[in-house]
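First the structure, in the form of structure tokens, and then the observations on it.
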Amino acid sequence: MTLLRARWTGCLLVPLIPIVLMAAPAPARAEVTGEQVKRAIRKGVDYLKSRQGADGRWPFRYYVGGETCLATLALLQAGESVDSRAISNALQHILSLENANVYVTSLKIQVLAHIDPQKYYEQISDAAQWLAGAQDVQGLWTYDQRGKRFDHSNSQFALLGLHAAAQAGVKINPGVWRKALQGVTETQKEDGGWTYQTRDTSYGSMTAAGVADLLILGSRIGVAREGPFENGQAPRCGSYRTNRALAAGLAWLARNFEAGSNPRRRGQHTYYWLYSVERCGMLSGQRYFGRHDWYREGAEFLVKAQQSDGSWSHDTVDTCFALLFLAKGHKPVLIQKLQWSDDDAWNPDRHDLENLLGYIGDKFGQPVTWQTVHFDAPLEDWLAAPLLYMQGHKFPAWNAEQREKLRRFVANGGTLLAEACCGREEFRTGFMQFAAETFPEFPLHELGPGHAVYRVANDCEPYGLMGMDVACRTSVIFSPRDMSCLWEQAKVPKSSEEAFKLGMNIAAYATGRRPLLDRLSVVILPDENGEADGQASAGGAEADAGGGETERGERRGPQPPERDALRLGQLVYEGDWRPFPRALVELAEFLRRQTNLDVITQYRPIRLTDPALYTCPILYLAGRFDFELTEAERDALLAHLKRGGFLLVDNCCGPEPFDSSFRTACKKLWPESPLEPLPPDHPIFTGKPGFDVTTVHYGPDVQKVHSELKTPQLWGVEIDGRLAVVYSPYALGCGLEGQEFEGCWGLRAEDARRLAANIVLYALTH
Numbered sequence: 233m234t235l236l237r238a239r240w241t242g243c244l245l246v247p248l249i250p251i252v253l254m255a256a257p258a259p260a261r262a263e264v265t266g267e268q269v270k271r272a273i274r275k276g277v278d279y280l281k282s283r284q285g286a287d288g289r290w291p292f293r294y295y296v297g298g299e300t301c302l303a304t305l306a307l308l309q310a311g312e313s314v315d316s317r318a319i320s321n322a323l324q325h326i327l328s329l330e331n332a333n334v335y336v337t338s339l340k341i342q343v344l345a346h347i348d349p350q351k352y353y354e355q356i357s358d359a360a361q362w363l364a365g366a367q368d369v370q371g372l373w374t375y376d377q378r379g380k381r382f383d384h385s386n387s388q389f390a391l392l393g394l395h396a397a398a399q400a401g402v403k404i405n406p407g408v409w410r411k412a413l414q415g416v417t418e419t420q421k422e423d424g425g426w427t428y429q430t431r432d433t434s435y436g437s438m439t440a441a442g443v444a445d446l447l448i449l450g451s452r453i454g455v456a457r458e459g460p461f462e463n464g465q466a467p468r469c470g471s472y473r474t475n476r477a478l479a480a481g482l483a484w485l486a487r488n489f490e491a492g493s494n495p496r497r498r499g500q501h502t503y504y505w506l507y508s509v510e511r512c513g514m515l516s517g518q519r520y521f522g523r524h525d526w527y528r529e530g531a532e533f534l535v536k537a538q539q540s541d542g543s544w545s546h547d548t549v550d551t552c553f554a555l556l557f558l559a560k561g562h563k564p565v566l567i568q569k570l571q572w573s574d575d576d577a578w579n580p581d582r583h584d585l586e587n588l589l590g591y592i593g594d595k596f597g598q599p600v601t602w603q604t605v606h607f608d609a610p611l612e613d614w615l616a617a618p619l620l621y622m623q624g625h626k627f628p629a630w631n632a633e634q635r636e637k638l639r640r641f642v643a644n645g646g647t648l649l650a651e652a653c654c655g656r657e658e659f660r661t662g663f664m665q666f667a668a669e670t671f672p673e674f675p676l677h678e679l680g681p682g683h684a685v686y687r688v689a690n691d692c693e694p695y696g697l698m699g700m701d702v703a704c705r706t707s708v709i710f711s712p713r714d715m716s717c718l719w720e721q722a723k724v725p726k727s728s729e730e731a732f733k734l735g736m737n738i739a740a741y742a743t744g745r746r747p748l749l750d751r752l753s754v755v756i757l758p759d760e761n762g763e764a765d766g767q768a769s770a771g772g773a774e775a776d777a778g779g780g781e782t783e784r785g786e787r788r789g790p791q792p793p794e795r796d797a798l799r800l801g802q803l804v805y806e807g808d809w810r811p812f813p814r815a816l817v818e819l820a821e822f823l824r825r826q827t828n829l830d831v832i833t834q835y836r837p838i839r840l841t842d843p844a845l846y847t848c849p850i851l852y853l854a855g856r857f858d859f860e861l862t863e864a865e866r867d868a869l870l871a872h873l874k875r876g877g878f879l880l881v882d883n884c885c886g887p888e889p890f891d892s893s894f895r896t897a898c899k900k901l902w903p904e905s906p907l908e909p910l911p912p913d914h915p916i917f918t919g920k921p922g923f924d925v926t927t928v929h930y931g932p933d934v935q936k937v938h939s940e941l942k943t944p945q946l947w948g949v950e951i952d953g954r955l956a957v958v959y960s961p962y963a964l965g966c967g968l969e970g971q972e973f974e975g976c977w978g979l980r981a982e983d984a985r986r987l988a989a990n991i992v993l994y995a996l997t998h
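In the working numbering, the protein residues as written are 233 to 998.
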């Protein structure tokens with residue numbers, strides 16, 4: 233597409249004739265990307281399929297059926313359909329396997345539970361009972377039921393199988409879990425690690441196995457100890473027996489972690505080590521072991537280590553372990569749990585999110601995950617997921633700086649969910665004070681039965697939730713009633729199911745139906761002047777005033793400014809000036825991708841009185857409340873538009889009060905140039921240049937009131953015979969961000985992007 237451009241020289245806007253195409257992107261960051269991981273997974277899947285025999289089996293070196301079960305599990309975790317030929321052929325062989333070996337039997341359970349736990353319940357139950365019978369007097373396992381010397385490799389597989397069976401509904405004797413806990417804790421070394429057998433020194437893969445064992449056993453024993461749930465409380469909430477041993481094991485991993493080698497094992501069994509690390513990270517919700525972002529570093533190593541044939545080490549077993557790490561760890565992060573204290577006060581329910589996210593994944597058919605984030609982590613890390621969750625029995629005593637960090641999280645598009653665990657009054661009182669001090673302009677109110685949070689995914693009865701409305705949506709949600717203990721215990725009759733449904737609704741509302749971002753994406757935040765105030769985080773999720781989305785939907789950091797590239801500016805004024813913090817990022821990236829326009833994805837927040845205003849020829853003014861410009865701001869805006877500038881105004885959250893406030897401002901600013909609707913054949917609508925948007929689709933809130941509305945509605949002001957101001961009474965911002973939540977009074981995402989792009993293209997060419 234040929235586009236005329238405009239350059240600002242001093243205070244003059246001078247039209248340029250040459251064609252401007254998007255400059256070549258900057259060299260990619262050295263860090264691994266989500267697309268590289270997906271490509272590696274596809275190649276690994278192809279390799280495994282190429283090694284499968286005509287009878288559905290994989291050649292074995294160790295145990296009959298072992299490689300077949302492991303390869304089938306790896307394919308399933310990598311996204312292979314249960315109905316595919318590879319899985320169907322393998323399944324026939326797996327169903328014929330006898331329960332005679334711990335490794336094979338455990339993997340068999342995991343495969344059958346993944347494919348259809350109800351259909352294969354009997355086979356899963358029989359295999360689980362065999363594993364329980366193979367437990368030795370110390371509570372651990374060896375290769376079969378006749379062995380006398382346990383090892384932690386067989387033991388971790390046995391517990392994985394029993395855990396999968398329990399998740400499938402098989403009743404496991406509680407004594408099995410208790411004996412296993414005793415065996416795992418008693419064999420822990422003084423340095424916090426574990427070994428294959430007791431005489432060895434601790435090393436990576438066995439320490440990771442021991443940590444994963446404790447996490448599994450904690451979910452089985454700790455949850456049972458917490459119950460029952462009566463009168464809205466769990467009498468032993470937060471009581472765990474694995475705290476000290478688990479903390480020591482995690483500390484060992486933090487001290488010794490390295491992605492490319494099995495620590496203290498001279499490089500042996502590196503892929504088995506990573507397979508165990510993934511389980512520790514996912515079950516604990518930890519993103520970091522010490523300073524190491526375990527998934528990012530492991531994925532980077534595996535992408536580089538993959539062979540040209542798609543394998544790792546030209547070996548089926550190593551390829552399976554690598555695939556399991558990449559595929560299971562690459563799930564998008566939906567919720568982060570805020571670690572707001574250094575003791576256990578922040579986490580009375582350790583397995584609440586594990587169970588909730590399992591429920592959500594089952595219902596949506598898309599696996600999602602969670603992770604913890606420390607309060608002292610950079611704000612970029614907080615924004616790695618759309619929903620930040622905190623709970624406790626007492627509310628933390630945060631200072632003004634800490635409260636401001638939470639306010640910034642919400643201002644940058646995040647949603648905060650706080651819950652008074654066990655309905656504790658101390659937490660409720662503390663949260664109410666925090667809300668009043670941190671968000672004084674946004675009153676906390678009860679969410680009525682008609683609020684979308686009660687019906688966005690499931691029809692739920694009102695639960696007494698409270699909330700604050702920021703940026704056209706409820707961005708802070710507080711539950712004075714307990715939900716986490718019901719998620720933790722998972723099977724409280726009727727109550728847990730209701731709590732799971734409500735938790736799913738809260739998550740769906742927080743995302744605004746927007747696809748989750750890649751786990752390996754980055755977050756860049758702007759400072760008050762619009763420059764990045766932080767480097768790309770080790771694993772953030774989305775760009776704010778910088779960065780954008782690639783053609784495949786993966787987030788990246790901000791593009792470096794090119795000479796003469798267009799920079800969009802967002803006007804800063806007193807009030808809620810940035811209700812949609814990513815709107816201009818998304819618009820700039822859409823323009824780069826769809827029109828080849830040379831536009832910087834990092835927009836500039838700027839005040840009208842800023843001397844650098846001339847650097848932003850196109851300004852974006854968004855709002856939801858009453859606003860009024862000062863005399864100095866009005867003069868600066870008039871001068872800017874007289875010099876050839878352009879203003880796009882976006883009414884974000886409904887017909888009032890921003891709409892009437894802006895129309896009043898127009899009468900003061902341009903008494904001789906009325907704000908008038910653009911005709912249906914205007915070039916902005918017909919796409920000259922741009923896209924044909926003569927017919928558009930509106931969100932559900934608009935459709936309820938104006939079901940007949942099918943055409944775009946824009947108003948404009950002409951200055952010196954030139955259209956210099958365009959006003960959209962229906963929101964573009966939420967559509968630009970891809971969000972379609974209730975309260976978004978605007979266009980659907982694709983039409984919002986096309987219409988906004990046309991406005992920019994028109995401004996540059998007329």
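Each residue gets a CB set at the ideal place from its N, CA and C atoms; glycine is no exception.
Select from the options the residue whose C-alpha is nearest the C-alpha of residue i.
i, options, result
"residue 405", "394, 928, 600", "394"
"residue 370", "629, 349, 293, 429", "429"
"residue 952", "671, 554, 871, 608", "871"
"residue 804", "796, 861, 820, 753", "861"
"residue 483", "401, 716, 442", "442"
Does residue i pass the burial test, meaning 16 or more other C-beta atoms within 10 Å, or should it be called exposed?
i, result
"residue 529", "buried"
"residue 668", "exposed"
"residue 644", "buried"
"residue 631", "exposed"
"residue 841", "exposed"
"residue 274", "exposed"
"residue 772", "Residue placement at residue 772 is flagged as unreliable, the pLDDT there being 29, under the threshold of 50; the coordinate-derived value follows with that caveat. Its Cβ being crowded by 16 or more others within 10 Å, residue 772 is buried."
"residue 256", "The pLDDT assigned to residue 256 is 34, lower than 50, so where the model puts this residue is not dependable, and the model offers no usable value."
"residue 327", "exposed"
"residue 548", "buried"
"residue 568", "buried"
"residue 516", "buried"
"residue 960", "buried"
"residue 571", "buried"
"residue 969", "buried"
On the DSSP bridge list, what partners appear for residue i?
i, result
"residue 232", "For residue 232 there is no data in the structure shown, the boundaries of the chain being 233 and 998."
"residue 677", "699"
"residue 547", "544"
"residue 570", "605"
"residue 631", "Paired residue(s): none; residue 631 is not in a bridge."
"residue 853", "881"
"residue 963", "978"
Would you call the CB atoms of residue i and residue j closer than 7 Å?
i, j, result
"residue 887", "residue 858", "no"
"residue 854", "residue 884", "yes"
"residue 477", "residue 408", "no"
"residue 268", "residue 642", "no"
"residue 440", "residue 508", "yes"
"residue 880", "residue 928", "no"
With residue i as the anchor, note down where its alpha helix (DSSP H) starts and where it stops.
i, result
"residue 602", "From DSSP, residue 602 is part of no alpha helix (DSSP H) but of the beta strand (DSSP E) over 601-606."
"residue 669", "657-670"
"residue 867", "863-874"
"residue 743", "727-743"
"residue 511", "502-516"
"residue 197", "No statement about residue 197 is possible, as the shown extent of the chain runs from 233 to 998 and does not include it."
"residue 393", "384-399"
"residue 1005", "Since the first residue of the chain shown is 233 and the last is 998, residue 1005 is not available in this structure."
"residue 833", "Taken as a continuous stretch (DSSP letters only), residue 833 belongs to no alpha helix (DSSP H), being part of the beta strand (DSSP E) at 831-838."
"residue 406", "406-418"
How far does the beta strand (DSSP E) with residue i in it extend, from its first residue to its last?
i, result
"residue 954", "954-960"
"residue 947", "947-951"
"residue 802", "798-803"
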